[in-house]
Amino acid sequence: MEVEAFKRLYPLPFYERYLDSSVRPDGRPLGRARPTSVSLGAVSTADGSAIVKIGNTTMLAGVKLEVMVPSQETPDQGSITVDFQMPPICSPLVRPGRPVEAASVISEQLSNVLTSSELVNLSELCIAPGKAAWMAYLDVYCLDADGSLLDTALLASVAALAHLQLPAVSVSEEGRVYPVSSTTSGDVSMEGAETSIKVKGNSISPRRRLKLGAAPFALTCMVHKKHLLADPCAEEETLLQSSITITMNQMGRLVSFYKPGGAVPATTAIVKECISLARRRAREVQQILKEALEDHIESPSLMQTD
Amino acid sequence: MEFISPEGLRLDGRRPHEMRQLHAEVGVVAKADGSALFEMGNTKVIAAVYGPHEVQIHSQQLHDQALVRCEYSMAAFSTGERRRRGKSDRRAMELSLVIRQTLEAAILTHLMPRSQIDIFVQVLQADGGTRAACINAASMALADAGIPMRDLVVSCAAGYLNSTPLLDLNYIEDSGGGPDLTVGIFPKLDKVSLLQMDSKLSTDLFEKVLTLAMEGSKAIAEYMRQMLLENTQKLAFARGTLKR
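In order, the protein sequence lines correspond to chains A and B. The opening residue of the first sequence carries number 1 in this note's numbering; numbering runs sequentially from there. The opening residue of the second sequence carries number 307 in this note's numbering; numbering runs sequentially from there.
Given below as structure tokens:
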């Protein structure tokens, strides 16, 4: 029988033929993820942005900052709001007007992971205790949905937050916050230094990047009766149904574990294997992110946008 | 406010008849039947086309032509101020309608009866001229999807400030209070599909601004055609139908 016809009529046996030889139709071994790329500063209207591609799955994350008055219980903390959306361009399965279930699930997961991983110390977002703090809006848009949506969304969020630069501002006694241009804020090259300069009764905090905690990286694996596939594409996700998503941080600590039911139950052996795959992937992705950040910082022309 | 300096340069250093830098890429969304990324200066727009496929809402099916649907949305971080717009945002609905009708005029819908073509446009970064960029992106996405069309639809905006017609306004010039004219044309047929203008303008000045916008559109058409040709060549090489 012709290959195409066999694939259409018996998709699962078609796949199993590949899996039994420890390879997938796109040529990858079972434990390997698709080529990943991170590009920072894609959107200049956002304060921090990143585009991430894992295979064909593309996510665009942007962070915008606004000044807010911190709550009374936490006067020295800012806040982060995460929103994930799947606009209809990303997939033929997303209908305009009907919100996709997957979008809400991933939005919730993303929000939880970013909070529980303590990637951003909310006190970093404080401008003047009790008077002013930054509210960071993180919006993630899926531009192309081809499997492993949480993995890509999380990487895009981390990259956008790593790219984010808090603008130089000066705070008056009453708590009013004024933007300061790079020429008057003193030394722009004081990246990471948090010295405040007192000028005319206003304290000035310089333009700086956030000091981030250990970054979380996720890996989704599909569980089949006999095999474990890392980083599935959309076809594999719909076909194999049962998945496990593991989030680990740079220190090798488990941040989250997610197995939402599914036809195939997982044994401890499978869980252990998933964790080791996730650990390896976290190291890979950390390297890719580090290189992207270095490339970005080395090109100073991109940094002068104030 | 002075939009044109005494030397004749605009706020971003362009001359009055100069367009912003264009950049277009086809096939950016792998899942879509056709897709394109179109940039006009700092305005970045992504368009994806799905179809022709079966009509989702059966009652809307047309027996003699294809149904064209369009949805326009802006990313929350696309403008200077973050704005989380809902789907029923008035401006988005108006733009969706305008883009749909402009493109529907170009598509040979009678060749695909009882089917549906979906066009989705997402603005990633907005700096004036979003309407024009959206139409250009959607046009290229339709071409990438192989949907039969009478001609490409090319769009450009022009305005009139400080007594000078200006081509391709950016956001600051757009908010300057002068007239803003957007035109969508069929470049080969030399016909107008879309013409939209806000604010007052005398009829002779109107003609000047319209001619300027049409010339701008024709220049964009050249660029779009070139990009599409390059893309087709690349695909032909990959397939082996064309030898290097």
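Each residue gets a CB set at the ideal place from its N, CA and C atoms; glycine is no exception.
According to the DSSP assignment, B:I423 belongs to the beta strand (DSSP E) that extends over 421-431. Contact between the segment 287-297 of chain A and the segment 442-456 of chain B is absent, with fewer than three C-beta pairs closer than 8 angstroms. The straight-line gap separating the alpha-carbon atoms of A:F217 and A:N112 is approximately 13 angstroms. Residues of chain A whose Cβ lies closer than 8 angstroms to the Cβ of B:K337 are, in chain order, N56, C90, S91, P92, D144, A145, D146, A234. For the pair B:D424 and B:R437, the Cα-to-Cα distance works out to about 18 angstroms.
Inclusion of A:I244 and A:K259 in the CB contact set at 8 angstroms is warranted, their separation being smaller than that value.
In the three-state scheme derived from DSSP, where H, G and I count as helix and E and B as strand, B:F512 is classed as helix. The beta carbon of A:K64 sits closer than 8 angstroms to some beta carbon of chain B. If you keep only unbroken alpha helix (DSSP H) runs of at least 4 residues inside the segment 76-155 of chain A, you get 101-116. Chain A places no beta carbon closer than 8 angstroms to that of B:R437, leaving this residue out of the contacts. Within the segment 491-543 of chain B, complete beta strand (DSSP E) segments of at least 3 residues are found at 497-504, given in chain order. One finds A381, L430 in chain B with Cβ atoms closer than 8 angstroms to the Cβ of A:L60, taken in chain order.
Ranked by how close their Cα comes to the Cα of B:E410, the residues B:R420, B:G435, B:Q428, B:C376 have B:C376 in first place. Residue pairing of B:H359 in beta bridges, as defined by DSSP: B:Q422. When secondary structure is reduced to three states using DSSP, A:A266 falls in the coil class, being assigned neither helix nor strand.
Taken in chain order, the members of the segment 338-354 of chain B whose beta-carbon sits within less than 9 angstroms of a beta-carbon on chain A are A338, D339, S341, N348, K350, I352, A353, A354. If you draw a straight line from the Cα of A:V271 to the Cα of A:E124, it comes to about 36 angstroms. Scanning chain A for C-beta atoms nearer than 9 angstroms to the C-beta of B:S384 yields V43, T45, A46, G62, reported in chain order.
For A:Y258, the uninterrupted beta strand (DSSP E) run begins and ends at 254-258, by DSSP.
When 7 angstroms is used as the limit between beta carbons, B:Y356 is near these residues of chain A: P92, in chain order. With three or more CB-CB distances shorter than 8 angstroms, the segment 324-344 of chain B counts as touching the segment 525-534 of chain B. The three-state reading of DSSP puts A:S205 in strand, counting E and B together. With a threshold of 16 other beta carbon atoms within 10 Å, A:M86 meets it and is buried.
DSSP places B:C376 outside any alpha helix (DSSP H); the residue lies instead in the beta strand (DSSP E), whose first and last residues are 373-380. Identification of chain B residues near A:R95 by a Cβ-Cβ cut-off of 8 angstroms yields Q362, ordered along the chain. Cβ-Cβ separation between A:S242 and A:H163: approximately 35 angstroms, too far for a contact (criterion under 8 angstroms).
No Cβ-Cβ contact shorter than 8 angstroms links B:I413 with B:V460. For B:E377, the residues of chain A that pass the 7 angstroms Cβ criterion are P88, P96, in the order they occur in the chain. Closer than 8 angstroms to the CB of A:Y18 there is not a single CB belonging to chain B.
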